[in-house]
Amino acid sequence: MTRELPCILILSILLVIVNGSTTSSKPNILIILIDDMGMNDVSFHGSNQILTPNIDALAYNGVLLNKHYVPNLCTPSRATLLTGKYPIHTGMQHWVIITDEPWGLPKKERLMPELFREAGYSTHLVGKWHLGFWRQDLTPTMRGFDHHYGYYNGYIDYYDHQVRLLGKNYSPGLDFRKDFEPNPKANGTYATEAFTSEAKRIIEKHDKSKPLFMVLSHLAVHTGNEDNPMQAPEEEVAKFLHIKDPKRRTYAGMISSLDKSVGQTIRALKDNDMLNNTIVLLYSDNGAPTVGIHSNAGSNYPYRGQKESPWEGGIRSVGALWSPLLKKQGYVSNQAIHAIDWLPTLAAAAGVSLPQDLQLDGKNLWPSLSEKAEPKPRKFIHVLDEVFGYSSYMSDTLKYVNGTSFAGQYDYWLGDLEANEDDPLSGIYEEQVLASEVQSVLGSHSLTGDQILQMRSEATQKCPAIEGQDPLQPHYRCEPLVAPCFFDLAQDPCERYNLAQLYPLKLDQLRQEVEEFRRTAIPSARVPFSDERADPIFHNGNWEWWNNTGSDSSAGTCSRNLWIILGSVVALVFMNRF
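Taking this note's numbering, the leading residue of the sequence shown gets 51, the next gets one more, and so forth.
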């Protein structure tokens, strides 16, 4: 008996060591979420003005998502990613959460981090939240994330990390957190660099006995506060002297810093032996706001429109998927995919079982993307905003638009780049991609310059004229505030030939399909009310929760419908102002 005890003790210690060093078989998930980047702002879509070699290398080694769709605004887009549902089915379809408004993503919704944590994942959010913080139970670490390092609002200053509401008599407030605690120590660190450092720290300290789920939700390339919106490190801006417009030049510096971050983050996964079992998804939450509110000089050209519009420029997003788990890699996918699809797709890829009662709108597209299957038709309700009164819908290649935003100010082809402003290195573009940090980390010897140029050509959008037809002819004109329009994106990806007058029966069919979606929509959760209790002066100079009633009923003694009506009036005044 005395001989057996040391053996049992040694065996127990060995088991603890083995179990402690076991690497999870489930894949790590890294979602790199970019804010407000245009389709024409990455070089894998053909632009030579701003080169993004790390982002491009990720796309060329994986799946370049050429028809990736998203809601057209920050809050609805982020809600869609985390719920797998259209905004009309979560109440998040109207506007964004303004800093002092008392509402958020309803607690009844079960989010991707909750579901992945229940499946054994360690869950982290680095960067932007923008799904509500007026109550503490709406904040990230109360919604499934084990850890949050970042901010609650739609934007912050890139260096001092404050939010300053210039139109209201509020004190400036710090919006930078490490879990629940304010984090003033990061003051002075450029936000992109701060978030990258934290992502690397999480990866380096990660317990590999559990799989990692991380959303790296960048501030870039959203603007900062209105008094200093465009911010980038001087050394990054200096790389773009070929760009004459100083705003666009600073924007290029913001993108360059972001591209560098992608390289450093992928390098961290490699250095910590995690890359060979990781799925990386990168995309922008919506199109770039070329002009207007929070405009960053981004470009969605040649697509029509921009952020917060019903057009392709607002809802079509830069996207790439990479993983060694993909059976087919190094191709351009023209499968229509939407942010609603990522929850079921990533769950299926990770072997995470989802509850049957989630009522998801998205589909599992992992087999299709992994095996390079032929694209299948999809139907998407892109926008259905009853307050601003416009809708955008797609049935396979047919695109329906009824009404528009901001009195039609964003209904044009915005962001056409200046001639003769190519990056001096664009002549050796493929060499820049092959020399990038991401390419050196992935170590793929199969990627060649010819393949890069071929994929880039496939992903570069042209606006072909329809033979014998002039888009300026009266019957092709689209005035969505007067009458609904529809387009055939297969022939007309840039939405120039309105077919409504030529095919009225098809128009009516599309209208009826939108009505079917409208019947399933729930009321907007927005409470368009400025609650002065949010003022940082009451919270030690911080933006933080100001009500902990624990109820999703946000409108006090007024009914939600009254707030929606009031919000509609305010919105109309606001739209007319801009």
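Every residue gets a Cβ at the ideal spot worked out from N, C-alpha and C, and that includes glycine.
Cβ-based burial, residue i [other Cβ within 10 Å; buried from 16]
i: I431; result: buried
i: A423; result: exposed
i: V287; result: buried
i: T149; result: buried
i: D225; result: buried
i: N278; result: exposed
i: A533; result: exposed
i: V623; result: Residue confidence is low: V623 scores 40 on pLDDT, short of 50, so the model does not pin down where it sits. Its coordinate-derived value is still stated next. The residue is exposed, with fewer than 16 neighbouring Cβ atoms inside 10 Å.
i: F230; result: exposed
i: I206; result: buried
i: P586; result: buried
i: R227; result: buried
Reduced DSSP secondary structure (H/G/I, E/B, other) of residue i
i: H139; result: helix
i: Y462; result: coil
i: V330; result: strand
i: P232; result: strand
i: T125; result: helix
i: A640; result: The displayed coordinates of the chain run from 51 to 628. Any statement about residue 640 would go beyond what the structure contains.
i: K429; result: strand
i: M89; result: helix
i: I572; result: coil
i: Q281; result: coil
i: K297; result: helix
i: K178; result: strand
i: I81; result: strand
i: I390; result: helix
i: Y41; result: Outside the modelled stretch of the chain, which goes from 51 to 628, sits residue 41, for which no answer is possible.
i: T246; result: helix
i: N592; result: strand
i: T273; result: coil
i: V287; result: helix
i: Q212; result: strand
i: T607; result: For T607, the pLDDT reaches just 32, beneath the cut-off of 50, and the residue's location in the model is therefore unreliable, although a value from the coordinates is still provided. Here T607 sits in coil by DSSP.
i: R227; result: strand
i: H495; result: coil
i: F94; result: helix
i: Y205; result: coil
i: G200; result: strand
i: F579; result: coil
Other residues of its chain near residue i: CB distance less than 8 Å, five sequence neighbours each side excluded
i: H180; result: C124, T125, R128, V146, I147, Y202, N203 and G204
i: D295; result: A347 and E468
i: A571; result: I138, H139, Q143, L434 and E436
i: K289; result: A302, G303 and S306
i: A550; result: C528, A533, P534, C535, F536 and L557
Rounded C-alpha distance that separates residue i from residue j
i: S638; j: Q482; result: Nothing about residue 638 can be reported from this structure: the residues present for the chain run from 51 to 628 only.
i: E358; j: F579; result: 21 Å
i: D210; j: W153; result: 26 Å
i: S604; j: K117; result: Residue placement at S604 cannot be trusted, given a pLDDT of 41 that sits under 50; the coordinates are not used to answer.
i: G217; j: E151; result: 14 Å
i: M280; j: N98; result: 22 Å
i: T340; j: D558; result: 33 Å
i: G141; j: A575; result: 5 Å
i: L376; j: N326; result: 11 Å
i: D321; j: R583; result: 46 Å
i: Q519; j: G355; result: 22 Å
i: D466; j: T510; result: 14 Å
i: Q350; j: I100; result: For the sequence presented, residue 350 should be read as Asn rather than Gln. Their backbone Cα atoms lie some 13 Å apart in a straight line.
i: W596; j: F183; result: 8 Å
i: A282; j: H272; result: 11 Å
i: K260; j: E362; result: 39 Å
i: G49; j: N470; result: Residue 49 lies beyond the range of the chain shown here (51 to 628); nothing can be said about it.
i: H174; j: L132; result: 13 Å
i: G112; j: A397; result: 19 Å
i: A400; j: F195; result: 18 Å
i: E594; j: L266; result: 21 Å
i: C641; j: C513; result: With the chain covering only 51 through 628, there is no way to say anything about residue 641.
Contacts around residue i, its chain only, beta-carbon distance under 6 Å, and the 5 residues preceding and following it disregarded
i: T102; result: V92, S93 and D309
i: L262; result: N78, S172 and H256
i: V451; result: P360, S442, P530 and C535
i: Y629; result: Nothing can be reported for residue 629: it is not among the residues displayed for the chain, which extend from 51 to 628.
Within-9 Å CB hit, residue i to chain B
i: F290; result: Absent from the structure: chain B. Only one protein chain is present.
Cβ-based neighbour list, residue i, same chain, cut-off 7 Å, excluding 5 preceding and 5 following
i: P521; result: R546 and Y547
i: E254; result: A318 and N322
i: D439; result: Inspection of the sequence shows that residue 439 is occupied by Gly rather than by Asp. G453, listed in sequence order.
TODO: Please confirm if the stretch 552–564 is in contact with the stretch 180–195, defined as three or more CB-CB distances below 8 Å between the two stretches.
DONE: Contact check between the stretch 552–564 and the stretch 180–195: fewer than three CB pairs, one atom from each, fall below 8 Å, which does not count as touching.
Open item on the list: I'd like to know if the stretch 455–469 and the stretch 385–396 are in contact, where contact means that at least 3 CB-CB pairs between them fall below 8 Å.
Closed with: A contact between stretches requires three or more CB pairs, one per stretch, nearer than 8 Å, and the stretch 455–469 fails this requirement with the stretch 385–396.
- [ ] Take every Cβ of the stretch 82–91, pair it with every Cβ of the stretch 328–340, and state whether three or more of those distances are shorter than 8 Å.
- [x] Touching, yes, given that three or more Cβ pairs across the two stretches are closer than 8 Å.
Open item on the list: Taking contact to mean 3 or more Cβ pairs, one atom from each stretch, closer than 8 Å, check whether the stretch 487–496 and the stretch 309–325 are in contact.
Closed with: Judged by Cβ distances under 8 Å, the stretch 487–496 makes contact with the stretch 309–325, as three or more pairs qualify.
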